[in-house]
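Just so we're aligned, residue 515 is where the sequence shown starts under our numbering, counting upward by one. Positions of the beta carbon are idealized from the N, C-alpha and C atoms, including for glycine. Computed from a predicted structure; not experimentally measured. Input: a single structure, listed below in structure tokens.
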Amino acid sequence: MLSLSFNSPYTAISSNSFQTTSDWTEFCYDIMFDSTIIDGIRLLKLQFLNSGTYYIDNVTIQDNTYNCSTPITFINNKNLDVKTWPNPVRENFNIHSNDIRMTDLSVYDIYGKLVLLSKVNNHKYVLDVSSLNNGTYFIQINLESGETIKRKIIIL
């Protein structure tokens, strides 16, 4: 049974129960705060790959300073000079970082599947997205400093 309960001031919109049969696997998620379609509503998808009974109780919504058990540096700092354009994009997505060299770029589809990975080692990069299907994607830009920038892109 999956049981979700939220402490005030948050209200659960809906809840569901599921029965599975196997062991628990721990997952940690980054939630992008600007990725909502309806203002003020955040969605979290839990996918259980193993069978078993799962209980998720007393869920606390943490701010974006929460660290997982494996530390991840996540900074979406608007003060970092990383420019991306055009968005929406058809073929070439430009990424410029004036301050810090980029090391690699990862593109994920709406389901979180890695669909494109590029090594960069430069301040400027043109990412060819023409091979990807139309839709919403998330790009993760890793910087030489260890910081990570995440952006949502729309491919037409």
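- Val621 sits close to Gln654, with the two beta carbons spaced by under 9 Å.
- Thr617 is positioned such that its CB atom lies no closer than 9 Å to that of Phe607.
- Distance from Val603 to Ile663 at the Cβ level is roughly 17 Å; contact not present, criterion being Cβ atoms closer than 8 Å.
- As DSSP reads the structure, His610 sits in a beta bridge with Lys597 and Lys638.
- Secondary structure note for Lys666: its beta strand (DSSP E) is the uninterrupted segment Thr662 to Ile669.
- By the C-beta density criterion, Val640 is exposed, having fewer than 16 other C-beta atoms within 10 angstroms.
- If you compare the alpha carbons of Ser645, Thr650 and Ile609 with that of Tyr625, the shortest gap goes to Thr650.
- In chain order, Ile669 and Leu670 place their CB closer than 7 Å to the CB of Asn648, counting only its own chain and leaving out the 5 sequence neighbours on each side.
- Glu605 and Ser659 have their C-alpha atoms spaced approximately 29 Å apart.
- If you draw a straight line from the Cα of Leu657 to the Cα of Arg665, it is about 14 Å long.
- In the three-state DSSP reduction, Gly649 falls in the strand class (E or B).
- In the DSSP assignment, Val621 falls within the beta strand (DSSP E) that extends over Met616 to Asp623.
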